[in-house]
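One line per chain: the protein sequences are A and B, in this order.
Residue 90 in the working numbering sits at position 103 of the first sequence, and the numbers go up by one each step.
Residue 223 in the working numbering sits at position 236 of the second sequence, and the numbers go up by one each step.
2 protein chains.
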Amino acid sequence: MRHAFLVPALIVLGGCAASRPLVDIDHSELVDLTYTFDEHTLYWPNAPSAFELQKLAYGRTQAGYFYAANAFCTPEHGGTHMDAPIHFAEGKMTAAEVPLARLIAPAVVIDVAAKAAENPDYRLTAADVLAWESRHEPITPGTIVLLRTGWGKRYPNRKAYFGDDTPGAIDKLHFPSYGEDAARLLIGERHVAAIGVDTASIDHGPSRDFIVHRIASEAEVPGFENLANLDRVPERGAWVIALPMKIAHGTGGPLRIVALLRK
Amino acid sequence: MRHAFLVPALIVLGGCAASRPLVDIDHSELVDLTYTFDEHTLYWPNAPSAFELQKLAYGRTQAGYFYAANAFCTPEHGGTHMDAPIHFAEGKMTAAEVPLARLIAPAVVIDVAAKAAENPDYRLTAADVLAWESRHEPITPGTIVLLRTGWGKRYPNRKAYFGDDTPGAIDKLHFPSYGEDAARLLIGERHVAAIGVDTASIDHGPSRDFIVHRIASEAEVPGFENLANLDRVPERGAWVIALPMKIAHGTGGPLRIVALLRK
């Protein structure tokens, strides 16, 4: 009788390891956290240009088949994009150098939408992070932290999203993001892989010293900005895959970022 | 006694499902299949431009912190990139519209390096595909097929990679890729998710009718071109994550593509 029960147990054990797919797509729902690049893509108010698509070909060729192709120009920092560490720290990693282990990782979402609705300049605090941890569990090294402010629903309305739409002006911006003490806790103590946010910057609108950028850059931690659909990602249990364009000398660049949710 | 063996078996079963991460990173090795975008990035010989990075800022700001940022211009089709179906078929999907299910999937590698070494214009045949299947197993719907020709080691030497480096000339190109009958089998019968190759095109160098592009485009199948490091991906068992820049009206665009290998 012992034998009869041992055999199924071993089959179960063996089957579990062998049949486990590297990406458990059958138990995942994929959510795209990326805005499209087009004429509505938002850039920093004083950016020298925006996304420009140039049509090179569109139509039937002399050989009889259809053919379409474009070229485009864009600043690195606009739309859904990554900040590479070199953006705010000399000698740190370029866009191409950010290791894949910082880009494909389990993710947590910290929600400050209620506080940001009261105060559009709200900054995530260390106390907010500790409160999240007391509700769930300590944030482990290598986690991607996503900050949900609710600002995603304002995109791409420049005035609603940046708090101001005066052309070229950067002195009247209002939107929420990370605060310094939260950044020091997440980056310096929790050793997170990356930080992301559903606003235009990992520093809040009124920032003049860009302290969160500088803390992240110094620690080789990339930032993901202008994230879409964070309202669809749960506070824990998701994975994020964030693959930036591999620009050799890039200070950042266009990012395609998706979440895998357990279904 | 029955009970004593049933309990561990149920624990094993339960543990298997609950502890399974959505991405099994602990049992994966990540391989980047992407070339960097820089001054060496290869474009089609008659492309109107190449990758151009413009430095917007680099150095200490008046406020005392370091800041660097760039802008860039590029044709959509160059370096490691995706061809969206609209590239060769009117009304088909743009770069932003290609569903994630075609971009994150199990992958197989078909190796024709020995044949391509004998004949640089070699085209994958349906017989090659059937031979691969007889050695392994039938290629299942939703698979990403990667064609390994060995051309990756020639990149970015234009003459070695394209077979010619006459500026602007496209009539003397020589490199291997997919053939029409293989494309019809993979796309029309096996219903693969996407096709990729370690040369500049999913059609071989001498092609004038771009028949493989047209078959793929008509079937809404994206193509991945100029793939790096295919020599590191096994014939079966890997997963591919291929995330293109989300260009709203894109006929393709820069692609960041990685393979997860079981380790």
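Note that the Cβ used here is the ideal one computed from N, Cα and C, for glycine as well.
Quick caveat: nothing in here was measured; it's all calculated off a predicted structure.
Other residues of its chain near residue i: CB distance less than 7 Å, five sequence neighbours each side excluded
i	result
Ala(-4) (chain B)	Because Ala(-4) (chain B) sits at a pLDDT of 42, beneath the cut-off of 50, its placement in the model cannot be relied upon, and the point is left open.
Arg219 (chain B)	Val18
Ala225 (chain B)	Ala94, Ala246, Leu247 and Leu248
Lys102 (chain A)	Tyr109
Ile91 (chain B)	Ile228
Ala34 (chain A)	Pro62 and Gly65
Gly137 (chain A)	Ala100, Ala103 and Ala104
Neighbour flag for residue i against chain B, beta carbons, 9 Å
i	result
Ser15 (chain A)	yes
Lys233 (chain A)	yes
Asp11 (chain A)	yes
Ala203 (chain A)	no
Thr67 (chain A)	yes
Pro301 (chain A)	Past the boundaries of the shown model lies residue 301 (chain A); chain A is included only from -12 to 250, so the question cannot be answered.
Ser298 (chain A)	What the structure shows of chain A is the stretch from -12 to 250, and residue 298 (chain A) is not part of that stretch, so it cannot be assessed.
His236 (chain A)	yes
Pro241 (chain A)	yes
Pro209 (chain A)	no
Thr61 (chain A)	yes
Thr23 (chain A)	yes
Glu124 (chain A)	no
Asn57 (chain A)	yes
Asp108 (chain A)	no
Own chain, CB closer than 8 Å to residue i, minus 5 neighbours either side, in chain order
i	result
Ile270 (chain B)	No answer is possible for residue 270 (chain B): it lies beyond the span of chain B, which begins at -12 and ends at 250.
Ile97 (chain A)	Leu111, Asp115, Val116, Trp119, Val132, Leu133, Leu134, Arg135 and Glu222
Asp25 (chain A)	Phe38 and Leu40
Leu242 (chain A)	Thr21, Thr67, His68, Met69, Phe211, Ala229, Leu230, Pro231 and Met232
Gly175 (chain A)	Ile202 and Ala206
Gly139 (chain A)	Asp185, Leu214, Ala215, Asn216, Leu217 and Asp218
The ligand ATP heavy atom lying under 8 Å from the CB of residue i
i	result
Ile97 (chain B)	The ligand ATP is not part of this structure, which contains no ligands at all.
Inter-residue Cα distance where the pair is residue i and residue j
i	j	result
Thr23 (chain A)	Val208 (chain B)	20 Å
Leu0 (chain A)	Asp11 (chain A)	Low local confidence applies: a pLDDT of 44 at Leu0 (chain A) is under 50, so the model's placement there is unreliable, and no value is given.
Pro8 (chain B)	Gly129 (chain A)	14 Å
Ala56 (chain B)	Val99 (chain B)	42 Å
Leu248 (chain B)	Ser15 (chain A)	19 Å
Asp190 (chain A)	Asp158 (chain A)	14 Å
Pro93 (chain A)	Ala246 (chain A)	9 Å
Ala156 (chain B)	Ala104 (chain B)	23 Å
Ala44 (chain B)	Ala147 (chain A)	28 Å
Arg122 (chain A)	Asn106 (chain A)	23 Å
His74 (chain B)	Lys42 (chain A)	12 Å
Ala113 (chain A)	Lys250 (chain B)	38 Å
Leu214 (chain A)	Tyr54 (chain B)	22 Å
Glu124 (chain B)	Trp31 (chain A)	52 Å
Gly78 (chain A)	Gly46 (chain A)	46 Å
Ser36 (chain B)	Ser36 (chain A)	19 Å
Val184 (chain A)	Tyr165 (chain A)	8 Å
Ile244 (chain A)	Ser188 (chain B)	26 Å
Asp13 (chain A)	Asp13 (chain B)	19 Å
Whole-number beta carbon distance between residue j and residue i, since they are thought to touch under 8 Å
i	j	result
Glu205 (chain B)	Ala76 (chain B)	5 Å
Arg89 (chain B)	Ala181 (chain B)	5 Å
Phe149 (chain B)	Gly192 (chain B)	7 Å
Phe59 (chain B)	Glu212 (chain A)	Wrong, their Cβ atoms sit about 17 Å apart, outside the cutoff.
Leu20 (chain B)	Leu217 (chain B)	7 Å
Thr186 (chain B)	Pro163 (chain B)	6 Å
Sequence-distant residues of the same chain with beta carbon closer than 6 Å to residue i, five excluded per side
i	result
Pro143 (chain B)	His27 and Leu29
Ala170 (chain B)	Val199 and Ile202
His161 (chain B)	Pro107, Asp108, Gly150 and Gly192
Asp152 (chain B)	Arg145 and Lys146
Arg251 (chain A)	Summary: the structure shown does not reach residue 251 (chain A), with chain A confined to residues -12 through 250, and so no result is reported for it.
C-beta neighbour in chain A for residue i, strict 9 Å
i	result
Pro8 (chain B)	yes
Ala206 (chain B)	no
Tyr54 (chain B)	yes
Thr130 (chain B)	no
Gly175 (chain B)	no
Val199 (chain B)	no
Leu87 (chain B)	yes
His191 (chain B)	no
Arg249 (chain B)	yes
Phe75 (chain B)	yes
Asp19 (chain B)	yes
Chain C within 9 Å of residue i, Cβ atoms only
i	result
Ala170 (chain B)	Going by chain labels, chain C is absent from the structure shown, which instead holds the protein chains A and B.
Does the contact criterion of 3 or more C-beta pairs under 8 Å hold for the region 66 to 78 of chain B versus the region 227 to 245 of chain B?
yes
Between the region 80 to 87 of chain A and the region 235 to 246 of chain A, are three or more C-beta pairs nearer than 8 Å?
yes
Would you check if the region 50 to 65 of chain A and the region 180 to 198 of chain B touch, i.e. whether three or more CB-CB distances between them fall below 8 Å?
yes
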